[in-house]
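Everything on this sheet refers to the single structure shown next.
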Amino acid sequence: MSCAIEAAGLSFRFPNGRAALNGIDLRAEHGERIAVLGPNGAGKTTLMMHLNGLMSGSGRLEVAGLRVGPETLHELRRRVGLVFQDPDDQLFMPTVQEDVAFGPLNLGLDRAEVHRRVAESLAAVRMEHAAERAPYQLSMGERRRVAIATVLAMRPALLVLDEPSANLDPRARRELLEVLAAVEHTMLVTTHDLPLAAELCERAVILADGRIVADGPCRELLADHSLLAAHDLELPAGFDLERVEPRGRPAAVGAAA
Amino acid sequence: MTALCNHTLELTGPAGDPASPIHRLDPRSKVVGLVAVTLVAVSASVAAWPVWAGCAAVLAAVATAARVPIGAIWRRARFVLPLVLLVALFVPFARSGGREYVLGPLVAHEEGLQTFAAVAAKALIGTLSAVLLAATTPFPAVLRGLEALRLPRLLVMIAAFMYRYLFVIVEEVGRMRAALAARAYRPRTALHAGALGRVATATFLRTHSRGERVYRAMLARGYRGRMPRLAPLVLSRADVLFVSLVLAALLPLRVVA
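So the sequences go chain by chain: A and B. Residue numbers for the first sequence follow this note's numbering, beginning at 17 and rising by one. Residue numbers for the second sequence follow this note's numbering, beginning at 10 and rising by one.
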């Protein structure tokens, strides 16, 4: 069976010569939730862009059973849902409903199916009531949830989220966490929010200078204070890892895709 | 900043009774009908008062049917009209012919005054048509109408993105202005204006990189050069009736006058 992500020796340089990815080796199975941790500039976002073919470096990369390359791009974008850090970048249509419909319509689905998916995805992020509203009328937390709905509507095999809890107040963060915990997708979450990672993901990788420097069970990595400190990561003061109740591993949905 | 957005919204969003027969028309028929009113008025010769009266009557009928209050029309029109009239204000003094009226150092001519009156009438009718279109049709619907009427797709898309991101950009500029003010920036001489230049530069750079990010987000959801549409536009009998009524009222007048 294919796996969700298989990267071998993946490297990428920006046009100005700076190396963003320096030989990434990563394998993710269907149904896993993986946190990608690392300081700013470690290459998290660049890695995320590669998973959807928005950037292409050297090395081997297979995502959701597809070899990433120009000929697989369209199918790849159906199978991999990217949720960007700034929801204002992602929500570009005049209304929430049209925005959620953008992806499914690009897939060439018929209108009845598109409407069904819009309703279903907005319900999954608890935003059914906002279908007719404009994105700028929503709060940051609501925008983030709608942004997630826009990719859920494409029924991806893999969901990739970039800093999903950035700029959220505690309540919006809590609501987002509940929504994400209920989503049964293979998930790759890049974040600085270590408590979020502890609660949501069973596995974590630490990225530093474009390399994966640690890969293991999320709790073990987060309990290793010297490892965290070496890569400019830290748990909030007084945070007790033992008291976090991890969310259960979701059913391996998407494995069939 | 929200105050500014709300203010802007109040002046551009729909007004009147959203359930009125005019509001429910297809955007295409409203664009065609109201542009026709403007064209008839503008193409008439210098003293075509019956034609302009006819146009005004049609506009009054549309406003009444849509239950748009006069106050709302006036609040919107007064932003546009002075600009248009300012240009025409010089005509009575520049154009000679007919009787002369001496106003202090200035001399106004009769023919010039007639031209001014004609220009003012045309400007008023054009402005009111546009205001009524905006008051009875949400902006995204106007754009869809224009697209369906074969306006170049690229222009329509530019307008759509401008509308979507105007608020975001205004907010960014507002934050930068607040940051300047918070550090006691009070421009007193032209030399101090340099900081504003840098705000403009920063705004341009941010907007540019946002454009790139938005485009990436579009590609990530399978965009292939064409904006998909959720609901097709449908012309109903009311639309045909509306356009025919407008044309039936104005064309004979225009041809005769």
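We treat Cβ as the ideally placed atom computed from N, Cα and C, and that holds for glycine.
Check	Outcome
Buried or exposed: which applies to residue 272 (chain A), given that a residue is buried once 16 or more other Cβ atoms fall within 10 Å of its Cβ?	Any reading at residue 272 (chain A) needs caution, since the residue's pLDDT is 40, under 50, leaving its predicted position unreliable; the model's value is listed next. That one is exposed.
Out of A:244, A:240, A:197 and A:231, which has the shortest C-alpha to C-alpha gap to residue 47 (chain A)?	A:197
To the nearest angstrom, how far is it from the Cα of residue 214 (chain A) to the Cα of residue 144 (chain A)?	29 Å
Given 8 Å as the limit, is there contact between the segment 196-210 of chain A and the segment 110-130 of chain A, that is, 3 or more CB pairs closer than that?	no
Spatial neighbours of residue 115 (chain B) within its chain, please: CB distance less than 8 Å, with the 5 preceding and 5 following residues excluded, ordered by chain position.	102
List the residues of chain B that residue 94 (chain A) touches, going by C-beta distances under 8 Å, in chain order.	231
Work out the CA separation of residue 158 (chain A) and residue 125 (chain A) for me, nearest whole Å.	26 Å
Mind pulling the beta strand (DSSP E) runs of 3 or more residues that sit fully within the segment 139-224 of chain A?	174-178, 202-207 and 219-224
For residue 132 (chain B) and residue 215 (chain B), what's the separation of their Cα atoms in angstroms?	37 Å
Got a sec: is the Cβ-Cβ distance from residue 102 (chain A) to anything in chain B below 8 Å?	yes
Let me know the alpha helix (DSSP H) ranges lying completely inside the segment 58-118 of chain A, each 4 residues or longer, listed in chain order.	60-67, 89-95 and 103-106
Quick one: list the residues of chain B neighbouring residue 218 (chain A), beta-carbon separation under 7 Å, in chain order.	Chain B residues near residue 218 (chain A): none, gap ~26 Å exceeds 7 Å.
Okay, do the segment 227-235 of chain B and the segment 30-50 of chain B touch, 3+ Cβ pairs below 8 Å being the bar?	no
Taking buried to mean at least 16 other C-beta atoms within 10 Å of its own C-beta, is residue 255 (chain A) buried or exposed?	exposed
Are the beta-carbon atoms belonging to residue 223 (chain A) and residue 238 (chain A) less than 8 Å from one another?	no
In chain A, which residues lie less than 8 Å from residue 226 (chain B) when you measure between Cβ atoms?	98, 100, 105, 106 and 108
Can you check whether the CB of residue 95 (chain A) is closer than 8 Å to the CB of residue 173 (chain A)?	yes
Can you pull the DSSP bridge partners for residue 22 (chain A)?	A:43 and A:78
Per DSSP, residue 38 (chain A) is paired with what?	A:27
Please list the terminal residues of the continuous alpha helix (DSSP H) segment that includes residue 53 (chain A).	Careful: residue 53 (chain A) lies outside any alpha helix (DSSP H), inside the beta strand (DSSP E) at 49-53.
Starting from residue 68 (chain A), find everything on chain B with Cβ-Cβ shorter than 7 Å and list it in chain order.	229
Leaving out the 5 sequence neighbours to the left and right, which residues in its chain are closer than 8 Å to residue 147 (chain B) when beta-carbon positions are compared?	22 and 23
Grab me the residues of residue 230 (chain B)'s own chain with a C-beta within less than 7 Å of its C-beta, minus the 5 sequence neighbours each way, in chain order.	none
Against chain A, with Cβ distances strictly below 8 Å, would residue 115 (chain B) count as a contact?	no
Residue 177 (chain B) by DSSP, collapsed to three states: which one?	helix
Name the two residues that bound the continuous beta strand (DSSP E) containing residue 260 (chain A).	Looking at the DSSP string, residue 260 (chain A) is not in any beta strand (DSSP E), and its letter there is neither H nor E.
Go ahead and pull the three-state DSSP assignment for residue 27 (chain B).	coil
In angstroms, rounded to a whole number, what distance separates the CA positions of residue 243 (chain B) and residue 244 (chain A)?	59 Å
Do the segment 187-205 of chain B and the segment 150-162 of chain B meet, that is, are 3 or more Cβ pairs less than 8 Å apart?	no
Counting only runs of 3+ residues fully inside the segment 108-158 of chain B, write out the beta strand (DSSP E) ranges in chain order.	109-112 and 115-118
For residue 137 (chain A) and residue 119 (chain A), I'd like the C-alpha separation in whole angstroms.	12 Å
I need the boundaries of the beta strand (DSSP E) containing residue 33 (chain B), first residue and last residue.	Taken as a continuous stretch (DSSP letters only), residue 33 (chain B) belongs to no beta strand (DSSP E), as it is neither H nor E.
Determine the burial state of residue 250 (chain B): buried for a count of at least 16 other Cβ atoms within 10 Å of its Cβ, exposed for fewer.	exposed
Hey, is residue 213 (chain B)'s beta-carbon within less than 8 Å of any beta-carbon in chain A?	no
Measuring alpha carbon to alpha carbon, tell me which of B:182, B:255 and B:213 ends up nearest residue 69 (chain B).	B:255
Alpha carbon to alpha carbon, how far is residue 107 (chain B) from residue 211 (chain B)?	55 Å
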